[in-house]
Amino acid sequence: MKEEFDFDSIRKKTIEQLKAGKPLLGKDDAFAPLLTSILNAALEGEKMHILQKKKSDG
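Residue 58 is where the sequence shown ends in the UniProt record's numbering, and the numbering goes up by one at each step.
Okay, structure coming up:
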């Protein structure tokens, strides 16, 4: 299940939080979706690597 990353919404939320003096890092803050997207892509890549290795090892 691949989720689309909405750069525009992250940019808007980041600007709003900066103007309000709010933190950008945290569970519901501006960079949370970006970090989630990066981590999910890394995990998916690792999973595919392991599965390919197991398949080639027999």
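Each residue gets a CB set at the ideal place from its N, CA and C atoms; glycine is no exception.
Exercise for the section: Taking all protein chains shown into account, decide if Ala-41 is buried (16 or more other Cβ within 10 angstroms of its Cβ) or exposed. Expected result: As a first step, residue 41 is located in the sequence shown; it is residue number 41 there, counting from the start. Classified as exposed, Ala-41 has fewer than 16 neighbouring CB atoms from the shown chains inside 10 Å of its CB.
Handout entry: Span of the alpha helix (DSSP H) around Lys-47
Key = Here residue 47 refers to the residue found at position 47 when the sequence shown is read from its first residue. Run containing Lys-47: 32 to 57, per the alpha helix (DSSP H) assignment.
Practice task
Would you tell me roughly how many angstroms separate the C-alpha atoms of Lys-27 and Lys-13, rounded to the nearest one?
Solution key: For this step, residue 27 is matched to residue 27 along the sequence shown. For this step, residue 13 is matched to residue 13 along the sequence shown. Going from the Cα of Lys-27 to the Cα of Lys-13 covers about 14 angstroms.
Handout entry: Given 8 angstroms, three or more beta-carbon pairs between the region 29 to 41 and the region 5 to 21
Key = In short, these stretches touch, since the Cβ pair count reaches three.
Problem - Short Cβ contact (8 angstroms threshold) for Gln-17 with Leu-24 - result: Here the question's residue 17 lines up with position 17 in the sequence shown. Here the question's residue 24 lines up with position 24 in the sequence shown. Their beta carbons are under 8 angstroms apart, which means Gln-17 touches Leu-24 by this criterion.
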